[in-house]
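To keep things clear, I will list the structure first and then write my remarks on it.
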Amino acid sequence: MWRGSAWFSSPRGSGIFNVYDRKEDMAISISMRANDGRVVRGEITARVMLAFGVNIIKVGDFAAQEHVDLYAAVDQMRQIYEQRDITLRGVDRRIISNAQAGSYTILNSEDEFRDLLEDWSVPNDFVDVYVVQQFSWSTFNGFAGDIPGPAAKGGRRDGIAGDKTGFTDASGTSRLDVTTLAQLIGHEIGHYLGLQHLENTNNLMRRNTGNRGPNLDYDQYRTMFPHGFMVYQ
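Last residue of the sequence shown: number 236 in the working numbering, and the count goes up by one each step with no gaps.
Here it is in structure tokens:
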């Protein structure tokens, strides 16, 4: 077995100058010849890892296990995006108590959803993710401010919201459905970063919560990377 390291450069004037700055893929072919004449060849694709941040904002009171389940869902959502070379640059944890939230704990209309975004925007360059006690309008269990959402904070399009997916388990403990919530948050963030619905099998952006899966394809990656909240990791 041979081990070693190699460094690559892209000097000005070369065919690959500024490839990474343009967030383009770069194929690297490697060929090695052994002393006995054998040749080993391989090719890898080098790609920039991108990242965005999220403000996870609990709207209303969460039980202790619900809090644990929520951040397990956030971590699972992160893993979904990392399969497509996008990670989280940070997770900011916030809470709007029952007393502060008032009617926002249960969202009954799009107007109320947009009032929540406008009243509680976090002044940073992360995506605001409001996790409410319940969605109670139409058949929605999540909603995004826009497709894509703005890369500026404040206003009625700044953020996403999702139902916390709460239930009571056999022991009487208040829980959240981790996998469903991970995909719900990831789906609405996908909209915020520019993705439309896509009905491919197991895709994160399928309309129906019960039918979607954890997959994002390469074209979706290319759609998301120009968003203003994306940075090089």
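Glycine included, each C-beta is placed from N, C-alpha and C at the ideal position.
What is the DSSP secondary structure of residue i, counted as helix, strand or coil?
i: residue 204; result: coil
i: residue 51; result: coil
i: residue 105; result: helix
i: residue 122; result: helix
i: residue 232; result: coil
i: residue 178; result: strand
i: residue 115; result: helix
i: residue 241; result: The shown model of the chain, from 4 to 236, leaves out residue 241, and the question about it has no answer.
Could you tell me which residues DSSP pairs with residue i in its beta bridges?
i: residue 110; result: 138
i: residue 36; result: 42
i: residue 57; result: 94 and 130
i: residue 218; result: 206
i: residue 150; result: DSSP output for residue 150 lists no bridge partner at all.
i: residue 62; result: 99
Can you tell me where the alpha helix (DSSP H) with residue i in it begins and where it stops?
i: residue 76; result: 67–85
i: residue 171; result: From DSSP, residue 171 is part of no alpha helix (DSSP H) but of the beta strand (DSSP E) over 169–171.
i: residue 222; result: 221–227
Just to confirm the assignment, what range does the beta strand (DSSP E) spanning residue i have?
i: residue 184; result: It is not in any beta strand (DSSP E) - residue 184 instead sits in the alpha helix (DSSP H) that spans 181–195.
i: residue 95; result: 89–99
i: residue 163; result: 163–166
i: residue 146; result: 145–147
Between the options, which has its C-alpha nearest residue i's C-alpha?
i: residue 196; options: 18, 129, 218 and 136; result: 129
i: residue 188; options: 82, 27 and 52; result: 82
i: residue 132; options: 167, 106 and 225; result: 167
i: residue 125; options: 97, 143 and 114; result: 97
i: residue 217; options: 207, 226, 211 and 223; result: 207
i: residue 172; options: 225, 72 and 42; result: 72
i: residue 146; options: 76, 110, 44 and 94; result: 110
i: residue 45; options: 35, 181, 230 and 148; result: 35
i: residue 75; options: 186, 13, 8 and 212; result: 186
i: residue 8; options: 33, 17 and 20; result: 33
- [ ] Would you check if the region 109–122 and the region 75–90 touch, i.e. whether three or more CB-CB distances between them fall below 8 Å?
- [x] The region 75–90, when compared against the region 109–122, does not touch it at the 8 Å Cβ threshold.
TODO: Assess, as a yes-or-no matter, whether the region 55–75 is touched by the region 131–145 under the definition of 3 or more beta carbon pairs within less than 8 Å.
DONE: Yes, since at least three Cβ pairs between the region 131–145 and the region 55–75 fall closer than 8 Å, the two stretches touch.
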